[in-house]
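The sequence shown begins at 80 in the working numbering and counts up one residue at a time. C-beta atoms are modelled at their ideal positions from N, C-alpha and C, and glycine is treated no differently. Nothing here was measured: the structure is a model prediction, and the numbers come from that model. Heads up, the thing below is written out as structure tokens.
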Amino acid sequence: MAADEVVRQRRNQTVARLSQKTVLPIDAQTGFLYGKLAADLIKSGRGSPVHRGQDLWLAALAIQHNLQVITYNRKDFDDIPGLDVQVLKHGVTQ
80 MAADEVVRQR RNQTVARLSQ KTVLPIDAQT GFLYGKLAAD LIKSGRGSPV HRGQDLWLAA
140 LAIQHNLQVI TYNRKDFDDI PGLDVQVLKH GVTQ
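Next up, the structure:
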């Protein structure tokens with residue numbers, strides 16, 4: 080449904096790159112870690128996890144697989160214990 084050929088090609092290239100990436104499944108262990116992170120946020124008075132669902136799923140997967148989360152927005156992950164976070168700066172190539 081791309082408006083023109085350039086957009087269509089760019090989208091196809093993106094899909095081709097994504098198909099080469101490793102996909103981490105969300106399994107029972109991930110769900111357990113997600114639940115623990117959400118409960119810890121509530122218990123510690125850091126608020127409801129309702130609006131942070133995607134961040135918590137990413138954090139749970141990263142913790143489960145001992146991976147680093149790379150983000151531009153530190154505050155989304157600062158209060159998640161056990162998470163290795165690298166913060167990028169906008170406009171800086173690393």
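| Query | Result |
| --- | --- |
| Measure the CB-CB distance between residue 140 and residue 103 and report whether it falls below 9 angstroms. | yes |
| Would you check if the stretch 130-150 and the stretch 108-115 touch, i.e. whether three or more CB-CB distances between them fall below 8 angstroms? | yes |
| Which ranges would you report for the alpha helix (DSSP H) in the stretch 108-159 if only whole runs of at least 4 residues count? | 132-143 |
| Looking only at its chain, what residues have a beta carbon closer than 7 angstroms to the beta carbon of residue 149, apart from the 5 residues adjacent to it on each side? | 165 and 167 |
| Report all residues from its chain with a CB closer than 8 angstroms to the CB of residue 144; omit the five preceding and five following residues, and keep chain order. | 103 |
| Residue 163 bridges to which residues according to DSSP? | 147 |
| Please classify residue 131 as buried or exposed, where buried requires at least 16 other C-beta atoms within 10 Å of its C-beta. | buried |
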